[in-house]
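Chains as they are written, first to last, in the numbering used here: chain Y, 3 to 213; chain R, 3 to 631. Virtual Cβ for every residue (Gly too), placed ideally from N, Cα, C. Please read these numbers as outputs of a predicted model, since none were measured by experiment. Below is one structure, written out as structure tokens; comments come after it.
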Amino acid sequence: MAKVLLLFAHPAFEKSKVNRALVHAARRVGGVTFHDLYENYPDFDVNVEVEQRLLESHDVILFQHPFYWYSTPALLKQWFDLVLEHGWAYGEGGTALSKKRMISVITTGGREPAYTPEGFHQITISELLAPIRQTARLCHMEYSRPYVIHGSFQLTPADLMRLGSEYATFLEALVEDRLDFEKTHSHPRLNDALVASIRSRDLSEVSRGEP
Amino acid sequence: MHGQEFFEQALIYLLAATLVVPLSKRLGLGSVLGYLLAGIAIGPFGLGLVGTEGEDIMHFAEFGVVMMLFLVGLELEPALLWRLRGPVLGMGGVQVVGTSLAVAAVAFATGQGPRVALALGMILSLSSTAIVLQTLNEKGLIKTKAGQGAFAVLLFQDIAVIPMLAIFPLLAERQAVNSHSDANLLSSLPGWLAALVVLGIVVGIIAVGRFLTTPIFRYIARARLRESFTAASLLLVIGIALIMSRVGLSPALGTFVAGVVLATSEYKHELEAEIEPFKGLLLGLFFLAVGASINFQLIFAEPLLVLGLVFGFMLFKFALLFGLARSFRWNGDQALLFSAALAQGGEFAFVLFSFTTQNGVLPERIGSLFVAVVALTMALTPLVLILTERFLKMRAAAPSVEREADTVHEENAVIVAGYGRFGQVAARLLRATGVEATLLDVDSDQVDLVRRFGSRVYYGDATRVDLLESAGAHKAKVLLIAIDNPEKALELVHTAKRHFPHLAILARAHGRSDAFELHDAGVEHIYRETLDSALRMGSQTLRLLGMRAYQAERAARSFRRHDEALFRETAAKRHDEKSWIAFVRERTQNLENILRSEYDQRRPREVSWDLEAQKDEALEEIREESKAS
């Protein structure tokens, strides 16, 4: 069993249908600590002590946020700046996060083809996430492929339901240590091969969300 | 007086004042007693440096009293004076009439004729405005209940002198010696006309003060000649005093009225600054002269009689005043202070005794005897007040209001004036971040309380330049004004701007109107004390109603930003009342509209996140992609 910490950062959460669906699903999964950064720090005054204790008491750290200017929302950047202290997260004696797993859960307005060399943005999500990946490495964390949901503007209610339930399955697998990260490495997104990467407890549960 | 002689005299007086007064202050005796002692020392019965001309000098220096009342008037706005009408007429009236009759009764019982007894009663009912006000001011007691009561009574006494001057000739047994000195306009007029003249003059003073002085002073101020402003200020006071005494009214009363009229004028502080040093010098001279003119020959000739009269009179007057204060339901401490302050004869007595002996109301012997008695009682008053203060302090568990300002032993970059609810928070934040501040508070109970919790707070009135000076204002960088009294805060701003212009001032404002006043006074950093709490309360309410914390936070910040801008705009425009109200209404409406459109959930706000336009573009982009493929 793994303890999962879901760090959620969205300055306009009330307007995001897809994030609402994801958060709604996540909050019903046992073993996941949901931590809403914009709700806790509306003045950007991140409490470093509290955040570090939270990180220390969890094994898997998820950052769920919309993709703003090819990066995280401002508060999450502030969070990185303040919480990941030298001598605690990195540098000499900085081993507090060692061996913990970091996963980015990202929603984008643009669809997947936009994030290809031929597409509108010309650069892939993985490449854009280089700073995060390097951050994880500097903090001796295991870094995974990002969990990305594209095209958030044109999702139907049915899509949202499916995405929510997929996300719940993913989180359950994380809690129960059933996700085989080796298998996800061949895909650009963590959620591309979810069914194949989750070891059996009851595979039918995963397929239930599929149309 | 020849020039040479004048300067020699001046040298003696100034030397005495310079040598004795600081010493007296240092010994805790106050300046008044110091002047009196110095006067005795240089007088004919001390070193004999000045002779009997001391009395002439006293009459000249009485002008200091006139100036003092002008300054007192400047401090009293008409509204405040109107509030004092009860104590002035009630307490003052009862005191003057009651003391006159009681003293007269005693004099009558000891074998004086009824006329002499009545004259003595009236003259001795008066107290010394100069000594009492100066001493109370110096001790910082003037704002106490006892101080205000004493002031009200003294004010009534000043007015009461007028009818007394009219009554004395009627008491004369023989025809009055028609000396030229007491021939004045009023006494030569029939009663109704005299009343009209008095009324006309008072109205005249008010009219001149209200409508003429401001343009005149503005004209003079534009010349940028400091001494011409000084001259104009003196001209005003001397002019009024002369007119008043020419018609037979009290000059002190006249200048007091002028002071009250000018209390709301924009030149109030300049006038204060100009007259203050003259008042100080003249009052000092007056006290010196009183000391010098005490007739010790008379006292040594009949020591028992004089001392008996002095102590008997003071005790008697004290008892009457104490009874009066208690009958107005004052507590013991305040009644004690009040009656100790007023239990003496006044400087008017000198004038009235010479007037009555000339008029033949009083025999020469009684006149000169009582001049000596009154002078002694005046000289003893500062001493009596010191003892009273000691007694009250001893009785109170904690040192009470009557307390000298502390000496400040530190110099910091920050001075915090007012260490109450507000100042404490700011100062503690500073200390928590390693910034030491010099803390001042005028509430002695508060000072003692926080000291018990380990804070180093100094007692004293921060609006006083000398206290600011000793708190290191000349070296400090920032002055935090956290006083809860808006008038005091404003006064402090003016003082600081005038004497320590290098200080950055941050001021707590009670509400919007006080904030405007501070803004007008040139304060850049103004903190309305309830604004931030109210906004936090509002934003918390929004959160409890389900709004995201971040949106609520931004709404509050946005509100404050707009409100701040509105404040600065209105501050500039508010002096034109009509357009101001329209402007404020329009802007307040605007502010709410802006926020409503920003935060109404049904009409999403256009911010960088999730723009409608962004959505459109995203869809456009998708369409382009499908065309390309």
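Given residue i, which residues of its chain have a CB within under 7 Å of its CB, disregarding the five upstream and five downstream residues?
| i | result |
| --- | --- |
| Y15 of chain R | L287, L290 |
| H12 of chain Y | S18, N21, Y40, H67, P68, P75 |
| V525 of chain R | V495, I507, A509 |
| A4 of chain Y | D61, V62, L176, V177, D179 |
| Y461 of chain R | R405, A407, D408, D443, S446, V449 |
| L284 of chain R | A63, F65, G66, M69 |
| L76 of chain R | G261, L264, A265, K270, L273, E274 |
Got a sec? Which residues, its chain only, sit under 6 Å from residue i by beta carbon, not counting five neighbours each side?
| i | result |
| --- | --- |
| H142 of chain Y | S100 |
| T383 of chain R | I133, Q346 |
| I208 of chain R | V263 |
| D335 of chain R | L394 |
| L244 of chain R | none |
| G425 of chain R | V418, A484 |
| A685 of chain R | The structure shown has nothing for residue 685 of chain R, since chain R only spans 3 to 631. |
| D516 of chain R | P488 |
Applying a beta-carbon distance threshold of less than 7 Å, which residues of chain R neighbour residue i?
| i | result |
| --- | --- |
| D45 of chain Y | E555 |
| E174 of chain Y | Neighbours of E174 of chain Y on chain R: none; closest Cβ ~28 Å, over 7 Å. |
| E16 of chain Y | R550 |
Could you give the residue range of the beta strand (DSSP E) that holds residue i?
| i | result |
| --- | --- |
| P68 of chain Y | 62–68 |
| V416 of chain R | 416–419 |
| Y43 of chain Y | Where Y43 of chain Y is concerned, there is no enclosing beta strand (DSSP E), given that its DSSP letter is neither H nor E. |
| H521 of chain R | No beta strand (DSSP E) holds H521 of chain R; the alpha helix (DSSP H) holding it covers 514–522. |
| V459 of chain R | 459–461 |
| Y92 of chain Y | No beta strand (DSSP E) contains Y92 of chain Y, which DSSP labels as neither H nor E. |
| V150 of chain Y | 149–151 |
| V410 of chain R | Element bounds for V410 of chain R: n/a, residue is neither H nor E. |
| Y529 of chain R | 527–530 |
| L508 of chain R | 506–511 |
| M104 of chain Y | 103–109 |
| T440 of chain R | 439–443 |
| I218 of chain R | Run containing I218 of chain R: none in the beta strand (DSSP E); it sits in the alpha helix (DSSP H), 215–224. |
| V480 of chain R | 480–483 |
Thinking residue i and residue j are a contact (beta carbons under 8 Å), I'd like their distance in whole angstroms, please.
| i | j | result |
| --- | --- | --- |
| G420 of chain R | I507 of chain R | Not really, about 13 Å apart at Cβ, beyond 8 Å. |
| A154 of chain R | V90 of chain R | 4 Å |
| I105 of chain Y | V62 of chain Y | 7 Å |
| V292 of chain R | M380 of chain R | 6 Å |
| S560 of chain R | L597 of chain R | 6 Å |
| A28 of chain Y | L173 of chain Y | 6 Å |
| E519 of chain R | L492 of chain R | 6 Å |
| V459 of chain R | R453 of chain R | 6 Å |
For a contact defined as C-beta to C-beta under 8 Å, what are the partners of residue i on chain R?
| i | result |
| --- | --- |
| Y40 of chain Y | R550, A551, Y552 |
By Cβ distance below 8 Å, which residues in the same chain neighbour residue i in space, the five residues on each side in sequence not counted?
| i | result |
| --- | --- |
| G474 of chain R | V410, E412, E413, N414, I417, T440 |
| A400 of chain R | In this prediction, A400 of chain R has a pLDDT of 45, which is less than 50 and means its spatial position is unreliable; what the coordinates show is noted afterwards. Once the five neighbours on either side are set aside, the close Cβ partners of A400 of chain R are S446, D447, D450. |
| L9 of chain Y | H37, L39, I63, L64, F65, Q66, L78, W81 |
| F110 of chain R | P116, A119 |
| N193 of chain Y | Y149, V150, I151, E168, F172 |
| V22 of chain R | G36, Y37, L39, A40, A43 |
| R210 of chain Y | At R210 of chain Y the pLDDT is 47, less than 50, meaning the model places this residue with poor confidence; the figure from the coordinates comes in the next sentence. If we look at R210 of chain Y and ignore the five residues flanking it on each side, its Cβ neighbours are S167. |
| E555 of chain R | S541 |
In the DSSP assignment, the alpha helix (DSSP H) including residue i goes from what residue to what residue?
| i | result |
| --- | --- |
| T359 of chain R | 349–361 |
| A275 of chain R | 270–294 |
| F10 of chain Y | Note, F10 of chain Y: premise wrong, no alpha helix (DSSP H); beta strand (DSSP E) at 6–10. |
| G242 of chain R | With the sequence shown as reference, residue 242 of chain R is identified as Ile, and Gly is not the correct amino acid for it. Segment 228–249, the alpha helix (DSSP H) holding I242 of chain R. |
| L173 of chain Y | 159–177 |
| Q54 of chain Y | 50–58 |
| S128 of chain Y | 127–130 |
| S370 of chain R | 366–397 |
| P46 of chain R | Taken as a continuous stretch (DSSP letters only), P46 of chain R belongs to no alpha helix (DSSP H), as it is neither H nor E. |
Report task. Could you run through the stretch 51–74 of chain Y and flag, in chain order, every residue whose CB is less than 8 Å away from some CB of chain B? Result -> Included in the structure are the protein chains Y and R, with no chain B among them.
Report task. With 7 Å as the limit, tell me which residues of the stretch 104–121 of chain Y have their beta carbon closer than that to any beta carbon of chain R; keep them in chain order. Result -> Residues of the stretch 104–121 of chain Y with a C-beta less than 7 Å from any C-beta of chain R: G111, G112, R113, P115, A116, listed in chain order.
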